[in-house]
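A short worksheet on the structure shown next.
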Amino acid sequence: MAIKTALITGTSRPAGLGFAVARGLAAHGYHVILTARDQAAAEPLAARLRQDGHTATALRLDLSDRASMDEAAGYLAETFGHLDVLVNNASAMPDFQILDALDADMDAVRMAMEVSVIGPWALTQALLPLLKAAPAARIVNVSSLSAQQIATGLDLGAPLRSPAYSMAKYALNALTGVLARALSGTSILVNTVDPGNTATHPDRGDDAGDRAAADSARDIVQAATLGADGPTGQLFSNNRPAA
Ligand SMILES: NC(=O)c1ccc[n+]([C@@H]2O[C@H](COP(=O)([O-])OP(=O)(O)OC[C@H]3O[C@@H](n4cnc5c(N)ncnc54)[C@H](OP(=O)(O)O)[C@@H]3O)[C@@H](O)[C@H]2O)c1
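The following block contains the structure:
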């Protein structure tokens with residue numbers, strides 16, 4: 105039987121959701137490919153999984169560098185010949201402190217769009233032959249429902265926070281639909297998961313998050329392992345379909 109493979113972006117931090125997802129998929133028997141802008145950051149995390157009896161590889165992958173995506177695709181083609189799961193987990197929040205869209209720095213907007221929208225889109229293109237070579241590949245975009253509510257103005261009662269991040273995540277949610285539509289008629293399912301407020305940055309104090317990374321990762325693993333009758337183009341929040 106072919107080895108099941110899963111690539112996760114943005115797996116550079118032990119406390120990050122990417123590592124928790126990698127651990128969850130490894131426990132489901134996947135060979136996990138942990139990727140980071142700096143491969144040296146992902147190496148010790150892959151080593152930890154191997155120490156725990158899983159199979160894991162670290163790779164360099166920068167979502168603003170198409171050549172790094174093509175290199176990753178080349179490695180996967182040579183080593184496995186297919187990719188079963190792509191988790192677009194990486195994210196940039198360059199305007200964490202910005203509370204007003206009119207104060208947004210356009211370089212920050214460009215950067216957020218690059219990491220959350222253009223990068224995952226280009227990466228899907230680069231990996232498509234490998235995803236199509238798998239029996240039933242799954243793509244999961246890790247995003248945010250509250251960012252969408254902020255970006256659409258539906259949540260007018262809440263303070264507008266991180267407009268670049270919110271716009272980028274809203275666009276990522278739309279990308280899920282666009283890709284699901286483009287891939288309808290194939291066995292590939294594409295969905296978004298909002299992990300909820302998760303404790304991935306214990307260093308940030310008041311933004312520590314109220315969900316454990318392992319719990320949020322479970323929702324992502326579930327979307328990554330959906331059966332053939334699973335949905336596509338769906339946004340899941342709290343493990344339930346959201347509007
Ligand atoms: N934590 C929450 O409460 C929460 C809530 C809603 C949604 N989410 C989403 O869940 C996901 C994971 O959350 P998290 O808190 O674990 O995220 P995070 O650590 O803040 O970001 C994930 C990773 O993205 C990487 N990254 C940044 N720019 C990149 C680039 N150009 N190419 C490749 N990787 C890049 C970072 O790596 P570097 O070390 O290289 O910078 C980082 O390890 C994110 O998509 C986030 O938006 C989180």
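Its first residue numbered 105, the sequence shown is counted upward by one per residue in the numbering used here.
C-beta atoms are modelled at their ideal positions from N, C-alpha and C, and glycine is treated no differently.
Short Cβ contact (8 angstroms threshold) for residue i with residue j
{"i": "Thr-228", "j": "Ala-176", "result": "no"}
{"i": "Leu-190", "j": "Leu-111", "result": "yes"}
{"i": "Leu-167", "j": "Gln-143", "result": "no"}
{"i": "His-186", "j": "Ala-238", "result": "yes"}
{"i": "Ala-145", "j": "Ala-160", "result": "no"}
{"i": "Ser-320", "j": "Leu-276", "result": "no"}
{"i": "Leu-203", "j": "Arg-265", "result": "yes"}
{"i": "Ala-290", "j": "Lys-236", "result": "A quick correction: the sequence has Thr, not Ala, at residue 290. It is a contact, given that the beta carbons lie within the stated cut-off."}
DSSP three-state assignment for residue i, whether helix, strand or coil
{"i": "Ile-112", "result": "strand"}
{"i": "Ile-292", "result": "coil"}
{"i": "Ala-303", "result": "coil"}
{"i": "Ala-107", "result": "Per the sequence shown, residue 107 should be read as Ile rather than Ala. Looking at Ile-107 - three-state DSSP - the assignment turns out to be coil, as it is neither helix nor strand."}
{"i": "Thr-161", "result": "strand"}
{"i": "Leu-190", "result": "strand"}
{"i": "Ile-324", "result": "helix"}
{"i": "Thr-139", "result": "strand"}
{"i": "Asp-207", "result": "helix"}
{"i": "Pro-345", "result": "strand"}
{"i": "Arg-214", "result": "helix"}
{"i": "Arg-285", "result": "helix"}
{"i": "Phe-340", "result": "strand"}
{"i": "Ile-202", "result": "coil"}
{"i": "Arg-315", "result": "strand"}
{"i": "Arg-265", "result": "coil"}
{"i": "Asp-298", "result": "strand"}
{"i": "Arg-117", "result": "coil"}
Expected contact under 8 angstroms - CB spacing of residue i and residue j to nearest Å
{"i": "Leu-129", "j": "Ala-332", "result": "That belief does not hold up - the Cβ atoms of Leu-129 and Ala-332 are roughly 19 angstroms apart, past 8 angstroms."}
{"i": "Pro-233", "j": "Asn-192", "result": "Actually they are not in contact, since the Cβ atoms of Pro-233 and Asn-192 sit about 18 angstroms apart, beyond 8 angstroms."}
{"i": "Leu-121", "j": "Val-325", "result": "At roughly 11 angstroms, the Cβ-Cβ gap does not stay under 8 angstroms, so Leu-121 and Val-325 are not in contact."}
{"i": "Pro-198", "j": "Ala-268", "result": "6 angstroms"}
{"i": "Thr-115", "j": "Ala-126", "result": "6 angstroms"}
{"i": "Val-282", "j": "Phe-340", "result": "The pair is not a contact, with the Cβ atoms about 17 angstroms apart (cut-off 8 angstroms)."}
{"i": "Arg-285", "j": "Thr-302", "result": "Rounded, the Cβ-Cβ distance is 29 angstroms, inconsistent with contact."}
{"i": "Leu-165", "j": "Ser-172", "result": "5 angstroms"}
{"i": "Lys-108", "j": "Asp-188", "result": "5 angstroms"}
{"i": "Lys-273", "j": "Gln-252", "result": "7 angstroms"}
Reference residue i, options the options, closest by Cα
{"i": "Gly-157", "options": "His-135, Leu-167 and Ala-321", "result": "His-135"}
{"i": "Arg-170", "options": "Met-197, Met-217, Ala-230 and Pro-118", "result": "Ala-230"}
{"i": "Ala-241", "options": "Val-125, Gly-334, Ser-116 and Pro-345", "result": "Gly-334"}
{"i": "Asp-307", "options": "Ala-106, Lys-108 and Pro-118", "result": "Pro-118"}
{"i": "Thr-336", "options": "Asp-174, Asn-295 and Pro-345", "result": "Asn-295"}
{"i": "Ile-222", "options": "Ile-254, Ser-195 and Ala-145", "result": "Ser-195"}
{"i": "Thr-256", "options": "Thr-183, Ala-321, His-132 and Ala-205", "result": "Ala-205"}
{"i": "Glu-147", "options": "His-132, Gly-133, Phe-123 and Ala-131", "result": "Phe-123"}
{"i": "Ile-243", "options": "Met-271, Asp-174, Gly-133 and Ser-288", "result": "Ser-288"}
{"i": "Met-271", "options": "Ala-131, Gly-178 and Phe-200", "result": "Phe-200"}
{"i": "Gln-338", "options": "Ala-317, Ser-248, Ala-318 and Arg-322", "result": "Ser-248"}
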